[in-house]
Amino acid sequence: MHGMWILGIESSCDETGLALYHDSRGLVAHAVHSQIDLHQAYGGVVPELASRDHVRRIVPLYRQVLARAGMAQTDIDAVAYTAGPGLAGALLVGAAFAESLAFALGRPAIPIHHLEGHLLSPLLSAAPPVYPFVALLVSGGHTQLMRVAGVGDYVLLGETLDDAAGEAFDKTAKLLGLPYPGGPALAALAQQGVAGRLRLPRPMLNSGDLDFSFSGLKTAVLNAMNKGVTGGARADLAAEFQEAAVDVLVAKSLAALRQTRLNQLVVAGGVGANRRLRERLDVEMAQRQGRVFYPELELCTDNGAMIAFAGAQRLLAGRAVATGEHAIAVRPRWALDTL
Ligand code: KG4
Ligand code: ZN
């Protein structure tokens, strides 16, 4: 099937994202509504509020991407949506909309794994990587290293044993009194501080495997806070935390490349937006004559474009698992390497 339009829908957490992707024209329209303002007062995502806001936003965003692309809804050839992992209620909004629309249009609906969306998103850029490559997936819920040989061909090399990298950024930010979402706020504070003035551990740096652990790092920040950290020392602590997390992420990524004998690294997920992580990876990869790929900045965090793209890749590879009966089912927990 060629010359096809894929609608992508993302609603797994606190962003409603819709996009239209065409297999030869590329990404034609995409729109995201972030719920940051909605959850800020609570210091984190409130699942019920998230679901309700997806309900409010999904149809207007759908109309918006159609209008931007200058398309009628009957032009849509398939509807891809995030079926998991994520918040059950939030996922259900996207799934119900996608399956109903697909049913009404007589088109296939394609459930997509959220992390597959992130994983493939660097392929949307102008100079994409080629298979096989190593992917570092760093989001609010996951921290994994994968060997990626093609669409749906993912081997898990290592992952976090406790908190995800983004979760560690978020929890540490909270300890430092920063607002939700913590990752970007912590990164901004870190810029005003100096890493190394206060020392934090690099958990599992020399564990000899490709696994991670971030909960101890967060506890070390808590202990430092309890000793009394004021003024500029808060920024130093933020900088040291970021440096410690980045040290481990960089070291394990390089180890994964050595182990697989590959020289392309793809970084995906929200933490992939972190500037310090990018700086360090750029330097290390250049020294090794390797190449590192990131999604466009606006496609690092959750969006519908990556879901539309993953749907298109699955269709083109003959690996789209269309639900057929338009059943509305989601998988709040779902391991990527079982695809
Ligand atoms: O991929 P994503 O948008 O949602 C999930 O699928 O989880 O990732 C969100 C995570 C949050 O934990 C957020 O704090 C983190 O990515 N994040 C960052 C930065 N921007 C977002 N962490 C560190 N530095 C950043 N600049
Ligand atoms: Zn995500």
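Mind the numbering: the sequence shown is residues -12 to 326 in this note's numbering, read in order.
Here a beta-carbon is modelled for each residue, glycine too, at the ideal position from N, C-alpha and C.
None of these values were measured; they are calculated from a predicted model.
Exercise for the section: Would you check whether ligand 2 has a heavy atom nearer than 8 Å to the C-beta of H20? Expected result: As a working mapping, residue 20 is identified with position 33 in the sequence shown. With a cutoff of 8 Å, H20 does not count as near ligand 2, since its C-beta is closer than that to no heavy atom of the ligand.
Problem - Nearest-angstrom Cα separation, counted from T69 out to R318 - result: Counting from one through the sequence shown, the residue named residue 318 turns up at place 331. Counting from one through the sequence shown, the residue named residue 69 turns up at place 82. About 9 Å.
Practice task
Could you please give the first and the last residue of the uninterrupted beta strand (DSSP E) stretch that includes P98?
Solution key: The residue labelled residue 98 in the question sits at position 111 within the sequence shown. Counting along the chain, the beta strand (DSSP E) containing P98 begins and ends at A96 to H100.
Practice task
Report yes or no: do three or more beta-carbon pairs, one from the segment 215 to 226 and one from the segment 100 to 111, lie closer than 8 Å?
Solution key: No, they do not touch.
Problem - Bounding residues of the alpha helix (DSSP H) (the contiguous stretch that carries D223) - result: In the sequence shown, counting from the first residue as 1, residue 223 sits at position 236. Per DSSP, the unbroken alpha helix (DSSP H) holding D223 starts and ends at G219 to T247.
Practice task
Give a yes or no on whether the C-beta atoms belonging to E35 and S21 are separated by under 9 Å.
Solution key: Mapped onto the sequence shown, residue 35 falls at position 48. Mapped onto the sequence shown, residue 21 falls at position 34. It is not a contact, given that the beta carbons lie outside the stated cut-off.
Exercise for the section: Let me know the secondary structure DSSP gives T61 once reduced to three states. Expected result: Residue 61 sits at position 74 when you count from the first residue of the sequence shown. The answer is helix: DSSP assigns T61 an H, G or I state.
Practice task
Using three-state DSSP, classify G277 as helix, strand or coil.
Solution key: Locating residue 277 in the sequence shown gives position 290, where the first residue counts as 1. G277: coil per DSSP, three-state reduction.
Practice task
Please find out if some non-hydrogen atom of ligand 1 comes closer than 8 Å to the beta-carbon of A75.
Solution key: The residue you call residue 75 lines up with position 88 of the sequence shown. No, since every heavy atom of ligand 1 falls outside the 8 Å radius drawn around the Cβ of A75.
Exercise for the section: Would you check if the segment -2 to 14 and the segment 35 to 53 touch, i.e. whether three or more CB-CB distances between them fall below 8 Å? Expected result: Taking a contact to require three or more Cβ pairs closer than 8 Å, the segment 35 to 53 and the segment -2 to 14 qualify as touching.
Practice task
Look at the alpha carbon of A174 and the alpha carbon of A91, and state the distance between them as a whole number of angstroms.
Solution key: The residue labelled residue 174 in the question sits at position 187 within the sequence shown. The residue labelled residue 91 in the question sits at position 104 within the sequence shown. In this structure, the straight-line span from the alpha carbon of A174 to that of A91 is close to 45 Å.
Problem - Cα-Cα separation between L176 and A160, rounded to whole angstroms - result: As a working mapping, residue 176 is identified with position 189 in the sequence shown. As a working mapping, residue 160 is identified with position 173 in the sequence shown. The C-alpha of L176 lies about 9 Å from the C-alpha of A160.
Handout entry: Outcome for Q300 when other beta-carbon atoms lying within 10 angstroms are tallied against a minimum of 16
Key = Residue 300 sits at position 313 when you count from the first residue of the sequence shown. Q300 should be labelled buried.
Handout entry: Among P95, H17, A77 and V19, nearest to A307 - alpha-carbon criterion
Key = Counted from its first residue, the sequence shown places residue 307 at position 320. It is P95 whose Cα lies nearest to the Cα of A307.
Exercise for the section: Over the uninterrupted beta strand (DSSP E) stretch that includes L148, give me the two end residues. Expected result: As a position in the sequence shown, residue 148 is number 161, starting the count at 1. Careful: L148 lies outside any beta strand (DSSP E) and carries neither H nor E.
Exercise for the section: With 9 Å as the threshold, decide whether the Cβ of D64 is near any Cβ in chain C. Expected result: Judged by its chain identifiers, the structure shown contains no chain C, having just a single protein chain.
Exercise for the section: Report all residues from its chain with a CB closer than 6 Å to the CB of S(-2); omit the five preceding and five following residues, and keep chain order. Expected result: Working through the sequence shown from its first residue, we reach residue -2 at position 11. Cβ neighbours of S(-2) within its own chain (closer than 6 Å, five residues either side excluded): H41, A77, V80 and G81.
Practice task
Excluding the 5 residues preceding and the 5 following I(-7) in the sequence, name in chain order all residues of the same chain whose CB lies nearer than 6 Å to its CB.
Solution key: In the sequence shown, counting from the first residue as 1, residue -7 sits at position 6. Around I(-7): Y8, A65, A67, A295, G298 and A299.
Practice task
Taking A122 as the reference, give the member of L111, G145, G128 and A113 with the closest Cα.
Solution key: Taking the first residue of the sequence shown as 1, we reach residue 122 at position 135. That would be G145, whose Cα lies nearest to the Cα of A122.
Problem - Beta-carbon proximity of V254 to L264, cut-off 9 Å - result: If you number the sequence shown from 1, residue 254 lands on position 267. If you number the sequence shown from 1, residue 264 lands on position 277. Contact flag set, yes.
Practice task
Give the secondary structure of R43 by DSSP, where H, G and I count as helix, E and B as strand, and everything else as coil.
Solution key: The residue you call residue 43 lines up with position 56 of the sequence shown. Three-state DSSP puts R43 in a helix.
Problem - Contact under 9 Å by Cβ, P328 with G128 - result: No statement about residue 328 is possible, as the shown extent of the chain runs from -12 to 326 and does not include it.
Problem - Sub-9 Å separation of S126 and A151 beta-carbons - result: Here residue 126 is taken as the residue at index 139 of the sequence shown, counted from 1. Here residue 151 is taken as the residue at index 164 of the sequence shown, counted from 1. In contact: S126 and A151 (Cβ atoms closer than 9 Å).
Problem - Neighbourhood of V208 by C-beta distance below 8 Å, restricted to the same chain and skipping five residues each side - result: If you number the sequence shown from 1, residue 208 lands on position 221. T159, L162, L163, L187, L224 and F228.
Problem - Through-space distance from N290 to A347, alpha-carbon basis - result: This structure cannot settle anything about residue 347, because the visible part of the chain is limited to -12 through 326.
Exercise for the section: State buried or exposed for S11, treating a residue as buried only when at least 16 other CB atoms are found within 10 Å of its CB. Expected result: Your numbering for residue 11 matches position 24 in the sequence shown. Exposed, because fewer than 16 other Cβ atoms sit within 10 Å of the Cβ of S11.
Practice task
For the beta strand (DSSP E) containing L284, list its first residue and its last residue.
Solution key: One-based indexing of the sequence shown puts residue 284 at position 297. According to the DSSP assignment, L284 belongs to no beta strand (DSSP E), since it is labelled neither H nor E.
Problem - Closest Cα partner of P359 within the set F280, H313 and G256 - result: The shown model of the chain, from -12 to 326, leaves out residue 359, and the question about it has no answer.
Exercise for the section: List the whole-angstrom C-beta distance separating P171 from D157, where the pair is believed to meet the contact cut-off of C-beta under 8 Å. Expected result: Within the sequence shown, the letter at position 184 stands for residue 171. Within the sequence shown, the letter at position 170 stands for residue 157. Between D157 and P171 the Cβ distance is about 10 Å, and since that is not below 8 Å, they are no contact.
Practice task
May I have the straight-line CA-CA distance separating A16 from M212, to the nearest angstrom?
Solution key: Stepping through the sequence shown from its first residue, residue 16 is reached at position 29. Stepping through the sequence shown from its first residue, residue 212 is reached at position 225. A straight line joining the alpha-carbon of A16 with that of M212 spans about 45 Å.
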